[in-house]
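Asks: Quick one: structure below, then a few questions.
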Amino acid sequence: MDYYRDTFMEINLDDLENNIRSFQSHYFQSKEIMAVVKADAYGHGAVQIARVLQEQGIRHYAVATLEEAMELRHSGILGCILLFGHIRVCDLHLAATYDCTLSINHIDWFKEALAGYVGKPIDVHINVDTGMNRLGVPSKEEFVQLLVLLSQTSHFILKGIYSHLATSEEENDTYYQLQLRRFASFLDGVDTTDLWIHIANSGGSIKEQPSYFNMIRIGLFLHGVSPSDHIKLAFPLKETMSLFTTVLQIKTLPRGEKISYNGIYMTTDEQEVIATLPIGYADGLDRRIEGGRVFVNGDYGEIIGRVCMDFTIVKLPRIVEVGSIVEIIGPHISMEEYAKKVKTNTYHAFCAFSDRVVRKYIRHRQVVEIVNKRLNQTCREDL
């Protein structure tokens, strides 16, 4: 047995493959795709997702940390792995060993790197700040200084220039256009031959862009979810992730009984069917959920009371058997619906599910891999 609690996530790798093929054929025939697999591919499993993408010809990946890049390399992922985040100068030798591509976010860091690193050449992309105001080179003057420094060293090789959109999922594109103009200003007068030029994330990837932008970065779209309701695609996305648990205990309660911590829910019917599920906020099911639904045996149920650390209580329209499968997210309850009920976006909702939830990977309608990180265990069938 690879797990010992009937709460699990299913990741459909066929749907992932369908999503990436659809984007390749409809939108990105002339642009390189960088697959964003940081944060364990938004909780889906970076290694498993990257393996499928590698089969589909993806050659560029983006992560946030050195550890995330190392995990991919240990699992046989080839191609370019770009680190968005910061890396300490003392760890540059590891970045070189694992053939990572680094982001230059500030000239002071790069000067420190030049002074402290001698070794195998490291590929870099310069991140320029066009309005996110998080990380990135803040001015054209500093950007030009970086280009000069890079031209004078053999230890760091410039491979790309990028920025990050702050409002790409919004219908009003005023700020989006401002960022494009600022990005163009950075690039004005710069020889970008053989460089990767990219600014678009999922939300910006299908918007109009200058022709010299030759790479787009997609993460959320891979998993079949759009960053905004108003974004309309030429094909239907297929959500890759489903979350299931089971009925652990069921009871019928009279009117006037309080449910869960603080008693914020009280039964109002004479015979309310109440079920306890073995999933809680330690698994990532958000405690702030309001009006949340579950789906069991053809009926919708209602999440009631406080979500506990390890358990959730639901009201059902009828009695079901203990052990019945309960859908939290899946074919009948989308990730978009769940995220709205917990008052967050889908990025956050995906990443919130903890590694206590076992991941099952489905391909050709069969379970091909089960990952239980709490046991540091992966059981994988030949694909």
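Residues are numbered in this note's numbering as their position in the sequence shown, beginning at 1, plus a constant of 942.
Using N, Cα and C, we set each Cβ at its ideal position, and we do this for glycine too.
Computed from a prediction, not measured in an experiment: that's the story for all the values here.
Measure the alpha-carbon distance for Arg1076 versus Gln996 and round it to whole angstroms.
Replies: Against the sequence shown, residue 1076 aligns to sequence position 134. Against the sequence shown, residue 996 aligns to sequence position 54. Distance between the alpha carbons of Arg1076 and Gln996 is about 30 Å.
Asks: Just to confirm the assignment: which complete alpha helix (DSSP H) runs, minimum length 4, are found wholly within the segment 1118–1144?
Replies: none
Asks: To which residues of the same chain is Asn954 closer than 6 Å at the C-beta, ignoring the five residues directly before and after it?
Replies: Here residue 954 refers to the residue found at position 12 when the sequence shown is read from its first residue. If we look at Asn954 and ignore the five residues flanking it on each side, its Cβ neighbours are Thr1182, Ile1304.
Asks: Tell me the DSSP bridge mates of Val1238?
Replies: Along the sequence shown, one-based indexing puts residue 1238 at 296. DSSP lists Asp1241 as partners of Val1238.
Asks: What is the rounded straight-line gap between the Cα of Lys1315 and the Cα of Lys1082?
Replies: Reading the sequence shown from its first residue, position 373 is the one you call residue 1315. Reading the sequence shown from its first residue, position 140 is the one you call residue 1082. Near 45 Å, if we compare the C-alpha coordinates of Lys1082 and Lys1315.
Asks: Put Asp1324 into one of helix, strand or coil per three-state DSSP.
Replies: Along the sequence shown, read from residue 1 onward, the residue named residue 1324 stands at position 382. In this prediction, Asp1324 scores a pLDDT of 47, lower than 50, which makes its location untrustworthy; no coordinate-derived value is stated.
Asks: Whole alpha helix (DSSP H) runs in the segment 1260–1291 with 4 or more residues, listed along the chain?
Replies: Whole alpha helix (DSSP H) segments, 4+ residues: 1277–1283.
Asks: Let me check understanding here. Comparing Cα to Cα, which of Ser1147, Gln971, Ala1057 lies closest to Val978?
Replies: Within the sequence shown, residue 978 is the residue found at index 36, counting from 1. It is Ser1147.
Asks: For Ala1281, collect the residues of the same chain with a Cβ closer than 7 Å to its Cβ; drop the 5 residues on either side in sequence, then sort them by chain order.
Replies: The sequence position of residue 1281 within the sequence shown is 339, counting from 1. Asn1287, Thr1288, Ala1291.
Asks: To test your reading of the DSSP string, which unbroken beta strand (DSSP E) runs of 3 or more residues are found completely within the segment 1023–1049?
Replies: Here the runs fully enclosed are 1043–1046.
Asks: What is the DSSP secondary structure of Ala1011, reduced to helix, strand or coil?
Replies: Residue mapping note: residue 1011 aligns to position 69 of the sequence shown, counting from 1. Three-state DSSP puts Ala1011 in a helix.
Asks: Return the chain-ordered list of same chain residues with a C-beta closer than 6 Å to the C-beta of Tyr969, the five sequence neighbours on each side being excluded.
Replies: Counted from its first residue, the sequence shown places residue 969 at position 27. Contacts found: Ile1148.
Asks: Would you check if there are 3 or more beta carbon pairs closer than 8 Å linking the segment 1226–1243 to the segment 1167–1178?
Replies: no
Asks: Once you ignore the five residues that flank Asn1204 on each side, which residues in its own chain have a CB closer than 7 Å to its CB?
Replies: The residue you call residue 1204 lines up with position 262 of the sequence shown. The beta carbon of Asn1204 lies closer than 7 Å to those of Arg1248 in the same chain, with the five residues before and after it left out.
Asks: Considering Arg1305, what are the terminal residues of the alpha helix (DSSP H) in which it resides?
Replies: Position 363 of the sequence shown, counted from the first residue, corresponds to residue 1305. Note, Arg1305: premise wrong, no alpha helix (DSSP H); beta strand (DSSP E) at 1300–1305.
Asks: Going straight from the alpha carbon of Ser1150 to that of Phe1177, what length do you get?
Replies: If you number the sequence shown from 1, residue 1150 lands on position 208. If you number the sequence shown from 1, residue 1177 lands on position 235. In the sequence under discussion, the amino acid at residue 1150 is Glu, which differs from the Ser named in the question. So the two alpha carbons sit approximately 18 Å from each other.
Asks: So what's Asp956 in DSSP terms, helix, strand or just coil?
Replies: Residue numbering aside, residue 956 sits at position 14 when the sequence shown is read from its first letter. Reduced to three states, the DSSP call for Asp956 is helix.
Asks: Give the C-beta separation of Tyr1154 and Ile1139 to the nearest angstrom, bearing in mind that I take them to be a contact with Cβ-Cβ under 8 Å.
Replies: Here the question's residue 1154 lines up with position 212 in the sequence shown. Here the question's residue 1139 lines up with position 197 in the sequence shown. Rounded, the Cβ-Cβ distance is 6 Å, consistent with contact.
Asks: State the CB to CB distance for the pair Gln944 and Ile1312, rounded to an integer number of angstroms; the pair is presumed to be in contact (CB under 8 Å).
Replies: Counting from 1 along the sequence shown, the entry for residue 944 is found at position 2. Counting from 1 along the sequence shown, the entry for residue 1312 is found at position 370. Contrary to the premise, residue 944 reads as Asp rather than Gln in this sequence. Sure, about 4 Å apart at Cβ, within 8 Å.
Asks: Can you grab the Cα-Cα spacing for the pair Ser1276 / Val989, in whole Å?
Replies: The sequence position of residue 1276 within the sequence shown is 334, counting from 1. The sequence position of residue 989 within the sequence shown is 47, counting from 1. Distance between the alpha carbons of Ser1276 and Val989 is about 24 Å.
Asks: Tell whether a beta-carbon distance below 8 Å holds between Lys1180 and Asp957.
Replies: Position 238 of the sequence shown, counted from the start, is the residue given in the question as residue 1180. Position 15 of the sequence shown, counted from the start, is the residue given in the question as residue 957. A contact, by the Cβ cut-off of 8 Å.
Asks: To which residues of the same chain is Glu974 closer than 8 Å at the C-beta, ignoring the five residues directly before and after it?
Replies: Residue mapping note: residue 974 aligns to position 32 of the sequence shown, counting from 1. Closer than 8 Å at Cβ, skipping near neighbours: Arg1001, His1002, Trp1138, Asn1156, Met1157, Ile1158.
Asks: To the nearest angstrom, how far is it from the Cα of Glu959 to the Cα of Ile1019?
Replies: Numbered from its first residue, the sequence shown carries residue 959 at position 17. Numbered from its first residue, the sequence shown carries residue 1019 at position 77. Cα to Cα, Glu959 sits roughly 17 Å from Ile1019.
Asks: To which residues of the same chain is Gln1191 closer than 6 Å at the C-beta, ignoring the five residues directly before and after it?
Replies: Looking up residue 1191 in the sequence shown gives position 249. Answer for Gln1191: Thr1218, listed in chain order.
Asks: How many Å lie between Asp1324 and Val1309 at the Cα?
Replies: Locating residue 1324 in the sequence shown gives position 382, where the first residue counts as 1. Locating residue 1309 in the sequence shown gives position 367, where the first residue counts as 1. Reliability fails at Asp1324, whose pLDDT of 47 lies under 50, so the model's placement of it is uncertain and the value that follows must be treated cautiously. Looking at the two C-alpha atoms, the distance is approximately 11 Å.
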